[in-house]
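Comments concern the structure below.
There are 2 protein chains.
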Amino acid sequence: MCRSVGRVSVQAVRRRRLEPDARREQILSVAIRLFGAKPYAEVSTTDVARDAGVARGLVNHYFGTKKDLYLEVVRVMLTVPDVALSQLPQGELSERASSIVNWFLDVVSRHSTSWLAATGAGGMADAEVHEVIAEAVDHAASGVLQALGSDDPTPALRAMTRAYVGLAIWTAQEWLQRGVLTRDQVHSLLTVSLLAMVEQVFPQA
Amino acid sequence: MCRSVGRVSVQAVRRRRLEPDARREQILSVAIRLFGAKPYAEVSTTDVARDAGVARGLVNHYFGTKKDLYLEVVRVMLTVPDVALSQLPQGELSERASSIVNWFLDVVSRHSTSWLAATGAGGMADAEVHEVIAEAVDHAASGVLQALGSDDPTPALRAMTRAYVGLAIWTAQEWLQRGVLTRDQVHSLLTVSLLAMVEQVFPQA
DNA sequence: GACCTTGTTGACACATCGCCAATAGTGCTC
DNA sequence: GAGCACTATTGGCGATGTGTCAACAAGGTC
Chain A
1 MCRSVGRVSV QAVRRRRLEP DARREQILSV AIRLFGAKPY AEVSTTDVAR
51 DAGVARGLVN HYFGTKKDLY LEVVRVMLTV PDVALSQLPQ GELSERASSI
101 VNWFLDVVSR HSTSWLAATG AGGMADAEVH EVIAEAVDHA ASGVLQALGS
151 DDPTPALRAM TRAYVGLAIW TAQEWLQRGV LTRDQVHSLL TVSLLAMVEQ
201 VFPQA
Chain B
1 MCRSVGRVSV QAVRRRRLEP DARREQILSV AIRLFGAKPY AEVSTTDVAR
51 DAGVARGLVN HYFGTKKDLY LEVVRVMLTV PDVALSQLPQ GELSERASSI
101 VNWFLDVVSR HSTSWLAATG AGGMADAEVH EVIAEAVDHA ASGVLQALGS
151 DDPTPALRAM TRAYVGLAIW TAQEWLQRGV LTRDQVHSLL TVSLLAMVEQ
201 VFPQA
């Protein structure tokens, strides 16, 4: 009567066949949990396999190399429901800036642990990993520019907005990890900075 | 005439005794060069030992673990001659802000490769590494606050300044790595942001 | 030259990773 | 229900990297 008890049970675990998609998804979720809790070097593929109740070779079979698996994890962690960004109110400039900042703070504080892990607190800064993060930053910058009403911005304007996104990420880390600043203070800092950039720096580009 | 031929070179390398400080310094300089060129995982202690013409065990003997060696490298890379910061002109607030930014841009552009490597483009984001970077950021924030004339700032003020230093780091990376922005644009962005924070956000704290 | 201090070496034990042939679930056919 | 084909899954092999430690030898001293 012993059908697959957990993983480390006394009873030997019978082999289980799953649909490739399901198995892949299961391993990925385990990897997300582990990489969210410990930095890259301290998570072995053996750990992932054990927690997934699976042979280590299967991890490589589905994700290739360990770094490939990690890249996949970071991609998922940085994937954010940005539909809400396009539904922001269309009021004054300062109103819109405030709304963008609020939306950002909501998102990062909701799933803060995985977000912190992905943005560099506990990852590994390889060239490819950096590329994935850069893509997410660029995507976020696009969202900010669109919410500000600037379509088809110049490269310099995009670059400046990326820098602002960097400030937002850094400040959010400061907020969530150290706990010195209040949310209101963070909100004020980011809103004021955004307005200052839009009004005084962006006209250059 | 053949006395113990070495291993690789045509010329036999006789064992050489060095003063501990000298040997340690030599290995460290090799490690700085390698870690500045390739990310953490792609530099093995064997590489460091080979380039230093030394047995691998000696690296561990002087620096303990590989991560310890890397921490030492990052510390050196982030060590910056900040004496010039205390000699900035004492003019208007906007003058001082501009001078600080210029000083920062000079420093990071001078030894950009190692600085980029240390700030996260090619390192590994372990907890301890992050701690070393955080110390450097806090040190930089102190310099900025001092140059602005604010002695004994509140914790919130320090935190906000750390966030600004984060913006500076991020923007400098954007500048040096992508090459989209000009130095003038970067200078303008950082100066305007600093002034906006000082005048509109800092009063809260 | 003998001797002692200690910088330096080489190898052993262990962990992790990528790979691949062998194995065994699972559904299908008859 | 038995046989069968497909393929998800396994377990182990080889390669690479790391930390440790006893043994070795370079250089100064008497």
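Protein chains in written order, with UniProt numbering: chain A, 1 to 205; chain B, 1 to 205. A virtual CB, placed ideally from N, CA and C, is assigned to each residue, including glycine. All figures in this text were calculated on a predicted structure; none of them were measured in a lab.
Can you name, in chain order, every residue of its own chain whose Cβ lies under 6 Å from the Cβ of A/Q200, other than the five neighbours on each side?
Taken in chain order, the list of residues that qualify is empty.
Distance cutoff 8 Å, beta carbons only. Does A/R3 sit that close to anything in chain B?
Summary for A/R3: the model assigns pLDDT 36, below 50, so the residue's position carries little reliability, and this model does not support an answer.
Can you round the beta-carbon distance between B/Q177 and B/L116 to whole angstroms, since I take them to be within the 8 Å contact cut?
The Cβ separation is near 7 Å, so the contact holds.
Give the residues of chain B in contact with A/P155, contact being defined as C-beta atoms less than 7 Å apart.
Per Cβ cutoff of 7 Å: V180.
With a 10 Å radius around its C-beta and 16 neighbouring C-beta atoms as the bar for buried, classify B/L18 as buried or exposed.
Under this definition B/L18 is an exposed residue.
Which residue from B/D151, B/R162, B/A84 and B/Y40 puts its Cα closest to that of B/K67?
Taking B/K67 as reference, the option from B/D151, B/R162, B/A84 and B/Y40 with the minimal CA-CA separation is B/Y40.
Pairwise C-alpha distance: A/S142 and A/Y70:
Each residue's Cα considered, the two are about 25 Å apart.
Would you please verify whether the beta carbon of B/R92 is less than 8 Å from any beta carbon of chain A?
The identity of residue 92 of chain B in the sequence shown is Glu, whereas the question assumes Arg. Residue-level contact by beta carbon fails for B/E92 and chain A, as no gap is shorter than 8 Å.
Under 8 Å between C-beta atoms of A/W103 and A/A118:
Cβ atoms of A/W103 and A/A118: not closer than 8 Å.
Please report the straight-line C-alpha distance between A/R15 and A/S44, rounded to a whole angstrom.
Roughly 22 Å separates the two Cα atoms.
Going by beta-carbon coordinates alone, are A/E174 and A/L167 separated by less than 8 Å?
It is not a contact, given that the beta carbons lie outside the stated cut-off.
First through last residue of the alpha helix (DSSP H) which encompasses B/E199:
Looking at the DSSP string, B/E199 is not in any alpha helix (DSSP H), and its letter there is neither H nor E.
Is the region 51-67 of chain A in contact with the region 24-38 of chain A, if contact means three or more CB pairs nearer than 8 Å?
The region 51-67 of chain A, when compared against the region 24-38 of chain A, does touch it at the 8 Å Cβ threshold.
Considering only heavy atoms of the ligand GDP, does any lie closer than 7 Å to the CB of B/S114?
Questions concerning the ligand GDP fall outside what the structure shown contains, since it holds no ligand whatsoever.
Which term fits B/T161, buried or exposed, when burial requires 16 or more other beta carbons within 10 angstroms of its beta carbon?
Result: buried.
What residues of chain B sit near A/S188, judged by a beta carbon separation below 9 Å?
The contacting residues are Q200, V201 and Q204.
Could you check whether the Cβ of A/S9 sits closer than 8 Å to any Cβ belonging to chain B?
Reliability fails at A/S9, whose pLDDT of 38 lies under 50, so the model's placement of it is uncertain and the value that follows must be treated cautiously. Not one chain B Cβ lies under 8 Å of A/S9.
Taking only beta-carbon positions, decide if A/G57 is within less than 8 Å of chain B.
At a cut-off of 8 Å between beta carbons, A/G57 makes no contact with chain B.
Whose Cβ in chain B lies nearer than 7 Å to the Cβ of A/G120?
Those within 7 Å of A/G120 in chain B are G120 and A125.
Same chain only: Cβ atoms within 8 Å of A/V76, ignoring 5 sequence neighbours per side:
Within the same chain, and ignoring the five residues on either side of A/V76 in sequence, the residues whose Cβ sits closer than 8 Å to its Cβ are L28 and I32.
Using a C-beta cutoff of 8 Å, does A/S142 count as contacting chain B?
Not an interface residue.
Under a three-way DSSP split, which group does A/H111 fall into?
Correct three-state label for A/H111: coil.
Does the beta-carbon of A/T154 have 16 or more other beta-carbons within 10 angstroms, so that it is buried, or is it exposed?
Exposed, because fewer than 16 other Cβ atoms sit within 10 Å of the Cβ of A/T154.
Can you say whether A/V5 is buried or exposed, counting buried as having 16 or more other CB atoms within 10 angstroms of its CB?
Because A/V5 sits at a pLDDT of 34, beneath the cut-off of 50, its placement in the model cannot be relied upon, and the following sentence gives the value as read from the coordinates. Exposed.
Relative to the C-alpha of B/Q90, which residue among B/F202, B/S188, B/A156 and B/S150 is closest?
Checking every option, the nearest Cα to that of B/Q90 belongs to B/S150.
Just the chain A side, please: which residues come within less than 8 Å of B/M160 by C-beta, in chain order?
Contact of B/M160 with chain A by beta-carbon distance below 8 Å involves L181, Q185 and L189.
Give me the Cβ distance between B/L204 and A/S188, rounded to the nearest whole Å; I'm assuming they're in contact under 8 Å.
First, the residue type needs correcting, since residue 204 of chain B is Gln and not Leu in the sequence shown. That belief holds up - the Cβ atoms of B/Q204 and A/S188 are roughly 6 Å apart, short of 8 Å.
Taking only beta-carbon atoms, is B/W103 less than 8 Å away from chain A?
Not closer than 8 Å to any Cβ of chain A, the Cβ of B/W103 fails to qualify, so no.
Does DSSP put B/L71 in a helix, in a strand, or in coil?
Three-state DSSP puts B/L71 in a helix.
Which word fits A/R183, buried or exposed, when buried means at least 16 other C-beta atoms lie within 10 angstroms of its C-beta?
Burial state of A/R183 is exposed, judged by a 10 Å Cβ sphere holding fewer than 16 other Cβ atoms.
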